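The structure appears below as structure tokens.
Number of protein chains: 4
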Amino acid sequence: MQEIGIGIIGGGYMGKAHAVAYAAVGAVFDTRLRPRLEMVAASSMASAEKYRAAFGFARAAENWEMLVRDPKVAAVVIASPQSTHRAAAELAFSLGKPVFCEKPLGASVEDAEAMVRAAQDSGLVNMIGFNYIRTPASQYARQLIADGALGRITWFRGEHTEDFLADPDIPANWRTDGDANGTMGDLAPHMVNAALALMGPVDSVMAQIETVHTDRHGKAVTNDDQAQMMCRFAGGAMGHMYFSRVATGRKMGYAYEITGTKGAIRFDQEDQNALWLYKAEGPEAERGFRKILTGPAHPNYAAFCQGPGHGTGYQDQIIIEARDFLEAIADGTPKWPTFADGLAVSRVISAARISQTTGAWTPVQGD
Amino acid sequence: MQEIGIGIIGGGYMGKAHAVAYAAVGAVFDTRLRPRLEMVAASSMASAEKYRAAFGFARAAENWEMLVRDPKVAAVVIASPQSTHRAAAELAFSLGKPVFCEKPLGASVEDAEAMVRAAQDSGLVNMIGFNYIRTPASQYARQLIADGALGRITWFRGEHTEDFLADPDIPANWRTDGDANGTMGDLAPHMVNAALALMGPVDSVMAQIETVHTDRHGKAVTNDDQAQMMCRFAGGAMGHMYFSRVATGRKMGYAYEITGTKGAIRFDQEDQNALWLYKAEGPEAERGFRKILTGPAHPNYAAFCQGPGHGTGYQDQIIIEARDFLEAIADGTPKWPTFADGLAVSRVISAARISQTTGAWTPVQGD
Amino acid sequence: MQEIGIGIIGGGYMGKAHAVAYAAVGAVFDTRLRPRLEMVAASSMASAEKYRAAFGFARAAENWEMLVRDPKVAAVVIASPQSTHRAAAELAFSLGKPVFCEKPLGASVEDAEAMVRAAQDSGLVNMIGFNYIRTPASQYARQLIADGALGRITWFRGEHTEDFLADPDIPANWRTDGDANGTMGDLAPHMVNAALALMGPVDSVMAQIETVHTDRHGKAVTNDDQAQMMCRFAGGAMGHMYFSRVATGRKMGYAYEITGTKGAIRFDQEDQNALWLYKAEGPEAERGFRKILTGPAHPNYAAFCQGPGHGTGYQDQIIIEARDFLEAIADGTPKWPTFADGLAVSRVISAARISQTTGAWTPVQGD
Amino acid sequence: MQEIGIGIIGGGYMGKAHAVAYAAVGAVFDTRLRPRLEMVAASSMASAEKYRAAFGFARAAENWEMLVRDPKVAAVVIASPQSTHRAAAELAFSLGKPVFCEKPLGASVEDAEAMVRAAQDSGLVNMIGFNYIRTPASQYARQLIADGALGRITWFRGEHTEDFLADPDIPANWRTDGDANGTMGDLAPHMVNAALALMGPVDSVMAQIETVHTDRHGKAVTNDDQAQMMCRFAGGAMGHMYFSRVATGRKMGYAYEITGTKGAIRFDQEDQNALWLYKAEGPEAERGFRKILTGPAHPNYAAFCQGPGHGTGYQDQIIIEARDFLEAIADGTPKWPTFADGLAVSRVISAARISQTTGAWTPVQGD
Ligand SMILES: NC(=O)C1=CN([C@@H]2O[C@H](COP(=O)(O)OP(=O)(O)OC[C@H]3O[C@@H](n4cnc5c(N)ncnc54)[C@H](O)[C@@H]3O)[C@@H](O)[C@H]2O)C=CC1
Ligand SMILES: NC(=O)C1=CN([C@@H]2O[C@H](COP(=O)(O)OP(=O)(O)OC[C@H]3O[C@@H](n4cnc5c(N)ncnc54)[C@H](O)[C@@H]3O)[C@@H](O)[C@H]2O)C=CC1
Ligand SMILES: NC(=O)C1=CN([C@@H]2O[C@H](COP(=O)(O)OP(=O)(O)OC[C@H]3O[C@@H](n4cnc5c(N)ncnc54)[C@H](O)[C@@H]3O)[C@@H](O)[C@H]2O)C=CC1
Ligand SMILES: NC(=O)C1=CN([C@@H]2O[C@H](COP(=O)(O)OP(=O)(O)OC[C@H]3O[C@@H](n4cnc5c(N)ncnc54)[C@H](O)[C@@H]3O)[C@@H](O)[C@H]2O)C=CC1
């Protein structure tokens, strides 16, 4: 059992999630490297100190740079706003430290490209935080598709829908400002990543992006409330994705449907412990979508509970991420999803934005 | 209680459904006009005679023309292939007889336009067979939206998906030949009609239409297996529709989701007696999609059963259509949906086909 | 195509359902005997005349006796209150006429026994109206169990729950008076019949029966609002049934769960077109309850619609009953369920009532 | 931030769950007392040492007694077999140490009574591990009922069903031996606790308990596979509970339905992030069971995630327990559920066993 000092930049929504994850991951997965909550940084020393005390870090940092440079911080987790991702990652790589960065990779495609270059030049472990794809159910879906259980895939439909801005009476705030915080910038990456992970690369897209409530309490909204895109996958399948933060009634609508010649899959994160599978086999009278409850027979479940159907939750996804990051560091080999996977997501989104402007099908930039 | 002689052209899938409907409708709805199954026509006298005996018609007709001209046939129901719709309808109108025509209105937009003209010139009752929108659940959904229960509508997603051609091993047949029998020709009309009925007119569309299995047992497939379109409704909402006959696992996937600023609706014909409604009101902790079971409190249910949740079925939709046709004749006033509504559907589909060719957003022709 | 004159006693809830069924059944099932709505009887001539006009009968009867005796009435359907069942059936048998009687068989076990004797002595076709068990889904469930698909059955749970008297503010009415109208008398028979049909005979029961709202607007309620019973089936399985008319939120809660060593089934009449099946076979990771949508592959579905998942409804169950009654008459052989099956149900309920009084397990009387 | 040394007896299924919980709880809930994984004990030093390394404890103990006596262990968690609960708890109390004990309280009602006495005599914090009732959904259900949202409760149905012994081919093992490991001993306590927590005390019960597979590979099974009981709650409601380890297809079937005069609730642990609520208010046409997704508006959710519908899992329930134990210690006041609540459960089960023997309704012993 070897310790490793973890530094986390950010102590908000995701900063806390990662802090909890590193506190728990050793006991859950019996990891070779045992994380020590060494240091936390935030937008000010005061808030960093507050997070330190709350989450149980050894020390608080004046700012992210101090954290990255600290000799006892051997691995860096970036859970601060998009604008900070690139600089923090580049510094960490330059100091030989592996980096886990929250999605989206950077604030722009340029950032993302620079970060991938920095990561690859360094040869260090680099990962990006697409946590939803890590539920046992979605990991199993990937496996089923890879194993050919659905035959040739012909259709993909994905969505990421929530309703936190559905009420037009909510005043404008930081979320209603700037591309990075809009639906395409903030919500789309998870589902685009899912699409790539489950289906392979996207060839071309055609999108429609809009601000539904252009004015909130007299203040202009400068980014998008909902967006959709039709797409063509390199593997041949047709697809559609929809993203919304004004989807009244939807709380965690990360959902997908995948159709193949031999079967089909349906998944909805709002019931993350179930995967619906249809197999076009056996007597017609007995066919139907079956609701598979995740259990020890599915990827990464058993460490959380020996009983099937007992269920994992949001926090457990982050623990799985932490496990992979620690294992990647122990092995010295990157683990999926890396920064390159984050860049691939940014490129799909970038193509979608172009198609919205041109009104035409737009190819997605490859490597 | 006044009798009316009904003539039905076609005794297949829909011909039978209408025959049963006219046998039952009087007892179900206590209609003023009581239908008499007077005459049936088919592709040959032999099959017409077979249908006559099976369904209980008084007489069989040599062909559809003889049926339309028969003096005891006072109203005509067209349930034969698309190619026959126009001529039969035009003849009936010219003889002063009201016409109920199965969807789609004609084999082409030109047919549809001619049929609307003929109907309007005649001043006679004319209806088109969009039966799915007539379930108590979908009628109630229309009512809720019209009453503003969802607030301003921002998003519509509809699909009509089945899997009768999902297996690539099914040989080519009449269904795999010709635009009218493809997914856009055959499946799309019902859901496009639903979109128009629930949401109002569509301004413009952008579609992707494809043949998934281009070859079946060595024979070319000449029409589309699946199609999707993004759309913009005149009322401002964004929308998406998807149609497929290769949707493995889907049997009657006529389904829609509608989001508004105050609520949302979800419906799936595979459980046609339930409507899911979310209302953004009351304490946050108590909010959720509620599964409303149809009952006497919903449109057209009570005539079938006094108990809520007891359920109506496919055949009952056709009985509701028959009721409306008979009532329209008794009143001498057309009832929704008329031929004009069928034409509106054809125009959306026509615009979608154009957009597929041009790769650009395409306006839908108005009146 | 041979006609048969049908006389229906009662024109209320079920009288109408049967009238519609006989109007439609010929066209639906291409029956050998074609019913003619000959005569209807009710509590008065005036109401009989009203039903005649509404449902399309040829004639109205002064009273049920006149209907039964009418020479043009060749088969009798009894859809009037329990108190009338026995006398009407006995007279019909004495005149050589087959009888279809609504559930429950009579107003008491004695009535039921007398009716079975009369039926058996006459050698005539006799049937009882347990319609819910006739959905394609429940018929298929029976078949699966009979075929051993679930292995040895170990557990049965059934319920029939509705909420029409859930509100304590509903005033006392005819439903709140007399054993026959209570939960055990009125709701229990359908599910007890289902238990017998799916599982075989019940050996012994132990029940708890109660009036929840003993007083309604100052008037005493004299029968039961809810009841439950544990039971032991002759085949060895353990079971439980629950009945309630105060089950807030339940509209048509005719539902059962059946567990066997190789699989399990779940069904809920509120979604009557779905049967949930679990099979303990194949890889653990792929197991789950599958939602089978009824379709042409299931019993009695195809006559209603050629498309799977399109759905049958309440009225269709009554049409299936009418088909069986007509076929039984044409064949001269009784068809399940006969009066004897109705008596078997009454005996389970009778044993339950005794167990409630004695507080002890009570054997169910056999033949 | 004050540390507290935690000693856990047992490192199996639940021992690990508690170890992870104490590793994470501080960061999740910002507890005043911060747990230090001080010591773990198991059936041998070797396994204790293995658990120490895997879960990150400071030290392993030779046996439970050494752990309880260790001066650095300030609070004891008992997660070893039932037979060890009493002695460990009694020793801990005698040394002035608070105790958290896994369910069931002891191996017998006598044990349970002795443990309650020891706890009460000591005046120390004592808790029992009924984790399932701690999901945000079930906590919210308790709150709704307590607030009168359902009106007067008339019916409760609960079950705890799993299928780990459904296959008759599984050989006999320790689980198939001895009352404590049977369905009533092992599975029933959670749901009986839920019944008491949601509904209040049980007055009397009438049970049916059985071994379905009496012989496994030639070895006798000495305890029960399934059991059911009817019950009467002190508050007046009728109830039923069912427990099974042979419920083919059920993985975590901890489920309940509660009916009141104004509403109803349904919950199933297999989808632990949803609570179904029906309210008998508003227009009939809009009523239905609503699926409420848990979120920050529900008890104990927000600490795990700021987003509704993102979901908590099994492990999170144990973290909530750990929080309550630590807070109770910090406050010096016991928190629900205490040993006395565990005893109340044992008494219901004891009465059920008696009723099975006598075949008669049996009162549940009170205080
Ligand atoms: N994987 C997922 O499901 C989610 C990912 N995210 C991503 O996580 C990242 C953080 O988002 P949230 O936690 O929601 O934000 P948040 O607003 O809750 O927290 C941001 C944290 O960053 C700190 N911070 C701000 N500027 C900083 C600076 N210059 N230096 C150091 N710390 C600074 C703040 O003090 C705060 O603690 C973003 O990249 C976001 O896209 C956010 C939510 C969910
Ligand atoms: N509303 C709905 O849900 C559905 C509507 N349809 C529509 O109903 C119409 C009929 O389709 P199906 O019943 O499925 O076809 P089908 O193939 O089952 O039956 C067609 C009937 O038309 C008769 N027919 C063919 N040519 C004829 C002619 N020249 N003159 C007279 N009769 C002729 C045939 O003998 C046959 O009885 C089509 O327009 C179709 O689009 C079809 C299926 C479902
Ligand atoms: N299978 C099922 O799902 C159901 C079965 N039933 C059964 O059907 C039977 C009738 O019940 P409902 O239709 O609900 O009652 P209802 O009150 O709606 O109708 C009763 C009918 O019987 C007539 N009637 C009453 N006394 C009569 C008499 N002495 N002679 C001739 N007609 C008389 C009335 O005029 C009325 O038309 C009952 O046995 C009931 O248990 C009722 C509802 C559902
Ligand atoms: N709350 C819940 O959901 C559950 C509670 N339980 C309860 O937790 C307790 C433990 O059960 P599991 O963890 O499933 O058992 P397990 O068999 O997985 O683990 C038992 C542990 O106790 C240790 N042990 C056995 N004898 C011991 C002794 N004399 N001294 C010290 N340690 C000893 C073993 O080494 C092992 O680490 C039981 O009381 C059980 O009823 C079990 C499973 C679920």
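Note that the protein sequences, when read in sequence, are chains G, D, W and Y.
Taking full-length UniProt numbering, the leading residue of the first sequence gets 1, the next gets one more, and so forth.
Taking full-length UniProt numbering, the leading residue of the second sequence gets 1, the next gets one more, and so forth.
Taking full-length UniProt numbering, the leading residue of the third sequence gets 1, the next gets one more, and so forth.
Taking full-length UniProt numbering, the leading residue of the fourth sequence gets 1, the next gets one more, and so forth.
Idealized CB from N, CA, C, for every residue including glycine.
Quantities reported herein were computed from a predicted structural model and do not represent experimental measurements.
Query: Spatially closest choice to E102/Y from G96/Y, S94/Y and A88/Y, by CA coordinates; Result: A88/Y
Query: Own chain residues within Cβ distance below 6 Å of G15/Y, not counting five before or after; Result: I8 and A79
Query: Proximal residues of chain W, C-beta to C-beta of G263/Y below 9 Å; Result: T248 and G249
Query: heavy atom of ligand 1 below 7 Å from S80/G C-beta; Result: yes
Query: Any non-hydrogen atom of ligand 2 within 7 Å of N131/D CB; Result: yes
Query: Given 8 Å, three or more beta-carbon pairs between the stretch 334 to 345 of chain W and the stretch 193 to 206 of chain W; Result: yes
Query: Beta-carbon proximity of A352/W to P363/W, cut-off 8 Å; Result: no
Query: Check whether H18/W and A280/W have beta carbons under 8 Å apart; Result: no
Query: Touch test, the stretch 162 to 172 of chain W against the stretch 236 to 249 of chain W, Cβ-Cβ under 8 Å, three pairs minimum; Result: yes
Query: Pairwise C-alpha distance: M184/D and T211/D; Result: 11 Å
Query: Partner residues on chain G for Y13/Y, Cβ-Cβ distance less than 7 Å; Result: Q306
Query: Proximal residues to A220/W (C-beta, below 8 Å), its chain only, five neighbours per side dropped; Result: A172 and T214
Query: CB of L33/G within 8 Å of CB of Y22/G, strictly; Result: no
Query: Within chain Y, partners of K291/D - CB distance below 7 Å; Result: G288 and F289
Query: For Y140/G and P299/G, the rounded distance between their alpha carbons; Result: 6 Å
Query: Status (buried if at least 16 other CB within 10 Å, exposed otherwise) for Y242/W; Result: buried
Query: Contained alpha helix (DSSP H) runs [length at least 4] in the stretch 103 to 171 of chain W, N- to C-terminal order; Result: 109 to 122 and 136 to 146
Query: Test: D316/G CB closer than 8 Å to a CB of chain Y; Result: yes
Query: Contact between the stretch 281 to 297 of chain G and the stretch 232 to 239 of chain D (3+ Cβ pairs under 8 Å); Result: no
Query: Residue environment, Q208/D, which counts as buried when at least 16 other CB atoms sit within 10 Å; Result: buried
Query: heavy atom of ligand 3 below 7 Å from residue 396/W C-beta; Result: In the structure as shown, chain W starts at 1 and stops at 367, and residue 396/W therefore has no counterpart that could be examined.
Query: E49/G at chain Y interface by Cβ criterion, 8 Å; Result: no
Query: Proximal residues, the stretch 127 to 143 of chain G versus chain W, C-beta separation under 8 Å; Result: Y140
Query: Cβ shell of Q317/G (< 7 Å), same chain only, five flanking positions each side left out; Result: N131, Y132, R134 and T135
Query: Sufficient close CB pairs (3 or more, under 8 Å) joining the stretch 66 to 80 of chain Y to the stretch 91 to 100 of chain Y; Result: yes
Query: Chain-ordered chain Y contacts of P168/W [CB-CB under 9 Å]; Result: G151, R152 and T261
Query: Within-8 Å CB hit, H160/D to chain W; Result: no
Query: Contact set between M252/G and chain Y, taken where Cβ atoms lie within less than 8 Å; Result: L293, G307, P308, G309, H310 and G311
Query: I4/D versus F304/D: straight-line alpha-carbon distance, rounded; Result: 22 Å
Query: Assigned exposure category for A58/W - 16 Cβ within 10 Å defines buried; Result: exposed
Query: Short Cβ contact (8 Å threshold) for A107/G with S138/G; Result: no
Query: Within-8 Å CB hit, A58/D to chain Y; Result: no
Query: Y254/G: CB within 7 Å of a non-hydrogen atom of ligand 1; Result: no
Query: Own chain, CB closer than 8 Å to Q143/G, minus 5 neighbours either side, in chain order; Result: P299
Query: Y301/D in three-state terms, based on DSSP; Result: coil
Query: Cutoff 8 Å: L277/G Cβ touching any chain W Cβ; Result: yes
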